[in-house]
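Residue numbers (full-length UniProt numbering): 1 to 304.
Each residue gets a CB set at the ideal place from its N, CA and C atoms; glycine is no exception.
Working notes for the structure below.
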Amino acid sequence: MLDTPLSLITDVLLPNIRALEAKRLRNLGMSQSRIASTLGVTQPAVKQYLDIQDRFYLEKLHDLGLTDDEINNILDMLTDVLLSGDIKNAMDFFTSVGLSYLSKLRFCTFHRKLNPKIPQDCSICENLYREDEEEEMNVALSMIQNEIISPLIPEVLSNIAYARKNPKSLEDIIAVAGRITKIRNIPTPASKPMWGASKHLGNILLYVSRKYPEIRSVMNIKYDEKVKKCMDELKMKYAIVGPHDYATDEIIETAVSMVFRPCLDAVVHLGGKGVEPNTYIFGRNPVDVVKKVLNIATKYSSIS
1 MLDTPLSLIT DVLLPNIRAL EAKRLRNLGM SQSRIASTLG VTQPAVKQYL
51 DIQDRFYLEK LHDLGLTDDE INNILDMLTD VLLSGDIKNA MDFFTSVGLS
101 YLSKLRFCTF HRKLNPKIPQ DCSICENLYR EDEEEEMNVA LSMIQNEIIS
151 PLIPEVLSNI AYARKNPKSL EDIIAVAGRI TKIRNIPTPA SKPMWGASKH
201 LGNILLYVSR KYPEIRSVMN IKYDEKVKKC MDELKMKYAI VGPHDYATDE
251 IIETAVSMVF RPCLDAVVHL GGKGVEPNTY IFGRNPVDVV KKVLNIATKY
301 SSIS
């Protein structure tokens with residue numbers, strides 16, 4: 001029979017992640033009928049997912065080659081994308097996840113167990129996935145459009161930036177032109193993401209990404225004592241710089257960039273005269289960054 005590695009996504013990864021995601025959504029109080037609609041399956045299928053223990057699905061994903069942390073990371077991000085209600089971005093996200101793992105040759109051992117005739121030097125999956133920064137930004141921006149994030153938008157507004165690998169200039173960094181504002185209390189991008197659209201975050205990311213290539217995205221949110229408490233309770237690692245009496249963009253960019261280390265989730269700049277404090281959240285990609293922001297926002301909403 002003609003074999004294809006894409007079946008590992010459709011026949012193994014997708015059904016088991018979908019079953020675990022159904023359990024996540026149920027734990028959030030979603031009805032079986034709404035879960036079925038959200039996941040694109042029937043209600044009897046959802047009932048079957050819920051009746052089977054998590055261990056059954058986890059073992060299949062372990063056999064595929066995924067760790068518990070990787071599984072939980074996929075589920076965390078998938079939940080956020082699904083709750084945003086954007087079906088296209090949900091499909092984009094999961095397709096990118098599956099193809100990314102295939103291209104990293106993470107499923108090869110499992111595939112050879114299914115088909116021992118696959119040559120040991122087979123590497124055809126390496127060419128299945130190419131990063132699309134614009135699509136990844138669109139997924140992240142759909143996740144941001146959540147009312148719970150609104151209290152974290154500072155007076156100067158927020159933005160999120162994402163660098164190409166080995167960025168050379170601001171034109172290699174995509175961000176929202178006009179930043180992210182609030183419309184009817186929903187964080188809303190002022191425009192589509194564009195290359196070279198943010199000088200401030202772009203300069204920070206240029207320095208950080210050149211020094212630490214794995215860190216390619218950053219978003220600014222407000223800073224106050226509640227944000228600090230949220231990050232402490234979430235055990236996030238952060239550094240604090242400033243304040244500076246006359247905190248120009250250049251001074252802030254230099255201060256934030258110089259203090260950042262890969263072990264940090266965020267850098268806080270305490271602002272200065274006429275300049276409000278901001279928290280700069282860093283990550284591997286914009287979805288990684290927005291996940292951290294959502295964790296802060298959820299905690300923020302529970303603190304009086």
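{"query": "Lys47, buried or exposed, once every other Cβ within 10 Å from all chains shown has been counted against 16", "result": "exposed"}
{"query": "Distance between Leu66 and Ala177 (C-alpha atoms, nearest Å)", "result": "37 angstroms"}
{"query": "Alpha carbon of Met28 to alpha carbon of Asp80, nearest angstrom", "result": "Here residue 28 is Leu; the residue named in the question, Met, does not match the sequence. Spanning the two alpha carbons is a distance of roughly 12 angstroms."}
{"query": "Local conformation of His244 per DSSP, three classes", "result": "coil"}
{"query": "Element boundaries [beta strand (DSSP E), containing residue 305]", "result": "Any question about residue 305 goes unanswered here, given that the chain covers just 1 to 304."}
{"query": "Rounded C-alpha distance that separates Pro193 from Ser209", "result": "19 angstroms"}
{"query": "Start and end residues, alpha helix (DSSP H) containing Met236", "result": "Met236 -> no alpha helix (DSSP H), and no H or E assigned at all."}
{"query": "Among Lys273, Lys235 and Glu250, nearest to Cys263 - alpha-carbon criterion", "result": "Lys235"}
{"query": "Beta-carbon contacts of Val293 that lie in its chain and below 8 angstroms, excluding the five residues immediately before and after", "result": "Ile144, Ile149, Leu152, Met219, Ile221 and Ile281"}
{"query": "Exposure of Arg284, with buried meaning 16 or more beta-carbon neighbours within 10 Å", "result": "exposed"}
{"query": "C-alpha gap between Ile118 and Ala255, whole angstroms", "result": "52 angstroms"}
{"query": "Where Met7 sits in the DSSP three-state scheme", "result": "With the sequence shown as reference, residue 7 is identified as Ser, and Met is not the correct amino acid for it. Helix, per DSSP."}
{"query": "Backbone secondary structure at Ile180 - three-state DSSP", "result": "strand"}
{"query": "Beta carbon proximity, Ser103 to chain D, threshold 9 angstroms", "result": "Absence of chain D from the displayed structure is noted, only one protein chain being present."}
{"query": "CB-CB length for Ile180 against Asn146, believed under 8 angstroms", "result": "Rounded, the Cβ-Cβ distance is 12 angstroms, inconsistent with contact."}
{"query": "Candidates Leu83, Thr248 and Asp11, of which the one nearest Gly272 by Cα", "result": "Thr248"}
{"query": "Segment contact, 8 angstroms Cβ cut-off, at least three pairs: the stretch 13-26 with the stretch 71-88", "result": "yes"}
{"query": "Helix, strand or coil at Pro151 according to DSSP, with G and I counted as helix", "result": "helix"}
{"query": "For Thr42, three-class secondary structure by DSSP", "result": "coil"}
{"query": "Paired residues, beta bridge with Ile204 - DSSP", "result": "Answer by DSSP bridge pairing: none, since Ile204 is not bridged."}
{"query": "Phe110 (DSSP reduced to helix, strand or coil)", "result": "helix"}
{"query": "Sub-9 angstroms separation of His269 and Val287 beta-carbons", "result": "no"}
{"query": "Cβ neighbours of Ala140 in the same chain (closer than 6 angstroms, five flanking residues each side left out)", "result": "Pro286, Val287 and Val290"}
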